[in-house]
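Novice: I'd like to ask some things about the structure below.
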């Protein structure tokens, strides 16, 4: 007895409500952009500079006490948050403290960190500092630039590769779908105020990688079917292709999500935001492969005659030298 | 139909066996690590070392700082500092040269400057052109590939003021040299302290990345590499309590290291500098206080000997990083070229200072742009959590695949397990570093690795509906799924490469596991699963096929 997530032969009409689905995608993208611009991303120290201190103590974390100890030091914006994770032991209480970078210093001031640590030690003698990270404003500026460059380079490289292997319409469709995924991820990070740092950029690139993987598989089938069914309308060929690959799409997304959810629950809090981004991206990426990339291709139209070398359509017979 | 030549089979299994063999040491991490340390202690000779068979590979996956704990520093070398030192070094030459032509240029006076230029005022403005020409004669060609042909200094004159500075080409060459020297000295210092597998890399034009696993905090690391350790022996002019006292050019005011409010006026040109030290060891003076004993090389010993012979009864200063550690009075001619530095040292400080002096001074100071300390227990927690997540994810995917594809699912599962083994084998082979995001990359690979198999199996299912028999369906399934597998994985691989090139630290670790995971998963899907299917098919010869 086999587990079948998808019936043997499906014939769903994926493009029946294409205006609705594309509309929803459009609205979500718009909402994400607005959230990004209005609420903004909760940048980690990688991108804004500053210091984060991770504390661990035997007694429970009293954020107010911590704040009372740190505020008199006059360090500007200090964010203190308690961290919860199912993997923590009963007497393991973890907090994250983020301190803004101190007036444009290029180098990182270790005496600032030392005073903060001393102040906290007075509040709670059992406190330990399991990680301390500081990034100067000079580096954080460069890291932003590199991150934007990385995402841009990835999109450009994919645009080029798909164009080479398929057609420019596919290429645009794929890259538009990737934009969609990236923007939606930025949107949810803005909405939930999850910390956005270098690892999140890596997650974004992974999402791009996963989503394009998914998109390409369906494109590949579309390319094959376009050769096979020359008379069918484009929309029908597309529907057929999506249906034929549906089982695979669900299987692969399924196994990937199983692995990611295991990591999300059991992998510890340090990489949770990273794994969350990828998990979100797999869901969004799977959706966008069908509903965004294909829709774009559908609207742009495709040159149908793949078997013959390109040249002016319908002029093959005019070329009497051949 | 469905035939794979024997040599291909042998090759495939050979590669798998090789990969697993390379991955094997990671199963006995602690043991192999101890073994490798012992081998390294014997200068790479493994004879007689217990704990691990010498004929087996002993390469391990390095654990990144976020897994092992340790300190990470990104330092920027203040390359401009060297310009000023170079100009100060040029002064005696310029002085002697112009002094020989006093008749044409008049008296010469050094003007104070601190922006990497040497400014000299001459008594006779009419002789300026002559002076400029003379000083230009001191220029040497730049010793670098790109700057070949250019000269190292730019000399200009205005009124009665002659200025010398490094040329653009020479600055570029100097910067490069400074960073390389700093890198070398940092490496020597860290090696002296003796920690396992430090990473010391140049980044960009003027930065150095230092990662030391196992060290308690970034502050400790900074104490070792942040000190310039510029040691000079300078003649003392006088002592004073006024830090702002005006001194003639060529002299400087420096504070005492241990007495607050005491300052020394010193000749700027050092008699001997730390570069001429050949050895420094922690020791004790006759009163039992911690001290550092040192020895000069022959030329340093001669200079020091000559100076002490001529200046008996005068004080001279031992200056470390612009602080006077002590200013003893020269009692006698010191000829042996060795001596002892006393100060208010603790034993630990004297040990550290000896290390720094042995390793040599940094040519320029360092700015720390980024520092991270990760405690070992946090790393251990992360490894533990990552392990559990990997196992749970793996089992869940195995069950899911088995339930969905039955026997074929089992083949895919074998391939998946081999796949993880091969990733570790490759990571060990290239000595890659496993980071926490890297573990996430492996988990993600576990999820995605089945993709290629799924593509093939789904295709075989489809072909079964139309094809003539099971063998034909399997063959067509593999053939037709190939283009999708290749295109899909190349695009993902492009992303991994971009991540690797532009990322740093943990992100790079993720890119490595993701990229290797793509290679191994394509290999296992196209070759191993297929071989398993073919081997099964040869034996069972099924009339019908259920995938």
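Residue numbers (this note's numbering), protein chains in the order written: chain A, 1318 to 1639; chain B, 3 to 549. Quick reminder that beta carbons are idealized off the backbone N, C-alpha and C, glycines included.
1) Pull up the distance between the alpha-carbon of residue 252 of chain B and that of residue 516 of chain B, whole angstroms please.
2) So is residue 1478 of chain A in contact with chain B if we call contact Cβ pairs under 8 Å?
3) Which of helix, strand or coil does DSSP assign to residue 1369 of chain A?
4) Please name the residues in the segment 45-68 of chain B whose beta-carbon is closer than 9 Å to at least one beta-carbon of chain A, in chain order.
5) Which residue comes first and which comes last in the beta strand (DSSP E) that contains residue 256 of chain B?
6) For residue 1603 of chain A, is the classification buried or exposed, using 16 other Cβ atoms within 10 angstroms of its Cβ as the cut-off for buried?
7) In angstroms with no decimal places, state the Cα-to-Cα distance between residue 530 of chain B and residue 417 of chain B.
8) Give the interface partners of residue 154 of chain B over in chain A, defined as CB-CB distance under 7 Å, in chain order.
9) Roughly how many angstroms lie between the CA atoms of residue 1510 of chain A and residue 1363 of chain A, to the nearest whole one?
10) Residue 1347 of chain A to residue 1354 of chain A, Cα distance in whole Å?
11) What does residue 214 of chain B pair with, by DSSP beta-bridge criteria?
12) State the start and end residues of the unbroken beta strand (DSSP E) segment that holds residue 312 of chain B.
13) Counting only the same chain and skipping the five closest in sequence on each side, list residues whose C-beta sits under 8 Å from that of residue 132 of chain B.
14) Is it right to say residue 399 of chain B is buried, meaning 16 or more other beta carbons lie within 10 angstroms of its own, or is it exposed?
15) From the DSSP output, read off the bridge partner residues of residue 20 of chain B.
16) Closer than 9 Å, Cβ to any Cβ of chain A: which residues of the segment 217-239 of chain B, in chain order?
17) Mind checking the segment 87-103 of chain B against chain A and listing, in chain order, the residues whose C-beta falls within less than 8 Å of any C-beta there?
18) Using a beta-carbon distance below 8 Å, is residue 2 of chain B in contact with chain A?
19) Taking Cβ-Cβ distances shorter than 7 Å, what residues in chain B pair up with residue 1568 of chain A?
20) For residue 1530 of chain A, would you say it is in contact with chain B, using Cβ-to-Cβ distances shorter than 8 Å as the test?
21) If you draw a straight line from the C-alpha of residue 5 of chain B to the C-alpha of residue 1512 of chain A, how long is it?
22) Could you say which of A:1399, A:1405, A:1352 and A:1438 lies nearest to residue 1387 of chain A if we only look at CA atoms?
23) Taking Cβ to Cβ, would you say residue 1390 of chain A is nearer than 8 Å to residue 1426 of chain A?
24) Please list, in chain order, the residues of the segment 1593-1624 of chain A that have any C-beta partner in chain B closer than 9 Å.
25) State the start and end residues of the unbroken alpha helix (DSSP H) segment that holds residue 335 of chain B.
26) Which whole runs of the alpha helix (DSSP H) in the segment 56-109 of chain B are 4 residues long or more, in chain order?
27) For the alpha helix (DSSP H) holding residue 354 of chain B, just list the boundary residues, first then last.
28) Would you please state the rounded distance, in angstroms, between the beta carbons of residue 477 of chain B and residue 76 of chain B? I believe it to be under 8 Å.
29) Does any residue of chain A have a CB that is nearer than 8 Å to the CB of residue 180 of chain B?
30) Determine the DSSP secondary structure at residue 1467 of chain A, reduced to helix, strand or coil.
31) How big is the Cα-Cα spacing for residue 1504 of chain A and residue 29 of chain B?
32) Between the segment 1484-1494 of chain A and the segment 400-413 of chain B, are three or more C-beta pairs nearer than 8 Å?
33) Which residues, in order along the segment 1463-1477 of chain A, keep a beta-carbon less than 7 Å from a beta-carbon of chain B?
34) With a Cβ-Cβ cutoff of 8 Å, do residue 523 of chain B and residue 451 of chain B count as a contact?
35) Mapping the DSSP letters down to three states, classify residue 272 of chain B as helix, strand or coil.
36) Would you say residue 300 of chain B and residue 292 of chain B are within 8 Å of each other, going by their C-beta atoms?
Specialist: According to the data block:
1) C-alpha separation (whole angstroms): 59 Å.
2) Taking Cβ atoms only, chain B reaches closer than 8 Å to residue 1478 of chain A, which makes this a yes.
3) It is a strand residue.
4) Contacts with chain A (Cβ-Cβ distance below 9 Å) from the segment 45-68 of chain B involve 68, listed in chain order.
5) From DSSP, the beta strand (DSSP E) with residue 256 of chain B extends over 253-257.
6) Buried, by the Cβ-count rule.
7) Their backbone Cα atoms lie some 6 Å apart in a straight line.
8) Within chain A, no residue comes near residue 154 of chain B; the closest Cβ sits about 29 Å away, beyond 7 Å.
9) Cα to Cα, the separation comes out at about 16 Å.
10) Approximately 11 Å, taken between the alpha carbons.
11) As computed with DSSP, residue 214 of chain B is found in a beta bridge with B:73.
12) Residue 312 of chain B: not part of any beta strand (DSSP E); member of the alpha helix (DSSP H) spanning 300-312, first to last residue.
13) Leaving aside the five residues that flank residue 132 of chain B on each side, the residues in its chain whose CB is nearer than 8 Å to its CB run, in chain order, 103, 106 and 107.
14) The residue is buried, with at least 16 neighbouring Cβ atoms inside 10 Å.
15) In DSSP, residue 20 of chain B forms no bridge with anything.
16) Those residues of the segment 217-239 of chain B that come within reach of chain A (Cβ to Cβ, closer than 9 Å) are 219, 220, 221 and 224.
17) Taking a C-beta cut-off of 8 Å against chain A, none of the residues of the segment 87-103 of chain B qualify.
18) Chain B is shown from 3 up to 549; residue 2 of chain B falls before or after that span and cannot be answered.
19) Under the 7 Å cutoff, chain B gives 406 and 456.
20) Judged by the 8 Å Cβ criterion, residue 1530 of chain A is in contact with chain B.
21) Those two C-alpha atoms are separated by around 53 Å.
22) Ranking the options by Cα distance to residue 1387 of chain A, first place goes to A:1438.
23) Between residue 1390 of chain A and residue 1426 of chain A, the C-beta gap is not smaller than 8 Å, which leaves the two residues out of contact.
24) Result list: 1595 and 1599.
25) Here residue 335 of chain B belongs to no alpha helix (DSSP H), and DSSP marks it neither H nor E.
26) Counting whole runs of 4 or more residues, the segment 56-109 of chain B contains the alpha helix (DSSP H) stretches 67-70, 82-102 and 104-107.
27) Start and end: 349-361.
28) Their Cβ separation, rounded to whole angstroms, is 54 Å, which puts residue 477 of chain B and residue 76 of chain B out of contact at 8 Å.
29) No, residue 180 of chain B does not count as interfacial toward chain A.
30) Correct three-state label for residue 1467 of chain A: helix.
31) Looking at the two C-alpha atoms, the distance is approximately 42 Å.
32) No: fewer than three Cβ pairs fall under 8 Å.
33) Residues 1463, 1466, 1467, 1470, 1471, 1474 and 1475.
34) Going by C-beta atoms, residue 523 of chain B is nearer than 8 Å to residue 451 of chain B.
35) Judged by DSSP in its simplified three-state form, residue 272 of chain B adopts coil rather than helix or strand.
36) No, Cβ-Cβ distance for residue 300 of chain B and residue 292 of chain B is not below 8 Å.
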